[in-house]
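Numbering (our numbering), first residue to last: 2 to 108. Beta carbons are placed, not taken as given, at the ideal position from N, Cα and C, and that holds for glycine. Source: prediction; values computed, not measured. These notes are about the structure you will find just below.
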Amino acid sequence: RGAEGAAELLSPDRARNLLLECSHVVVAYFDARTVNFWSTVLREVLEYDDAWWRLEFAKGRGAAHAHGLAMSFSHHAQREKLLASTGCSVNELFDKTPESQAAASRA
């Protein structure tokens with residue numbers, strides 16, 4: 002077919018149709034890449050004990066992306082120790098009621 006056949010094979014319309022016809026392959030590939038990223042790069046950097054994530058696809062564009070949460074029990078202990086040394090608690094950090102905000106500004 003030559004160069005003309007290759008151009009037809011790789012045309013944007015043909016590529017889009019292939020993606021729509023074989024979306025399961027795209028999802029499997031993205032899932033494998035996400036699992037690999039979480040289990041290698043993020044595990045090394047964050048040193049997490051457990052993680053959860055989900056895959057989503059942007060409406061209209063269909064761009065795949067992941068939302069995730071990593072939990073680390075060792076970092077929890079370090080955070081608690083650091084907060085204890087400052088005299089602050091986790092509840093004080095996240096308490097956004099007007100009364101707590103006023104008390105914090107007076108301190």
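Query: When the Cα atoms are used, what is the spatial distance from ARG34 to ASN18?; Result: 23 Å
Query: Just how far apart, CA to CA, sit ASN37 and PRO99?; Result: 44 Å
Query: Helix, strand or coil: which one does DSSP assign to LEU11?; Result: coil
Query: I'd like to check one pair, ALA67 with TYR49: are the Cβ atoms closer than 7 Å?; Result: no
Query: Are ALA65 and PHE74 close, meaning C-beta to C-beta below 7 Å?; Result: no
Query: Using a Cβ-Cβ cutoff of less than 8 Å, which residues in the same chain neighbour TRP54 once the five nearest sequence positions on both sides are dropped?; Result: THR35, TRP39, ALA67, HIS68, GLY69 and LEU70
Query: Helix, strand or coil for GLU57, going by three-state DSSP, please let me know.; Result: strand
Query: Can you name the residues that DSSP bridges to GLY69?; Result: TRP54
Query: In the DSSP assignment, the alpha helix (DSSP H) including SER40 goes from what residue to what residue?; Result: Here SER40 belongs to no alpha helix (DSSP H), and DSSP marks it neither H nor E.
Query: What's the gap between the Cα of GLY61 and the Cα of LEU21?; Result: 13 Å
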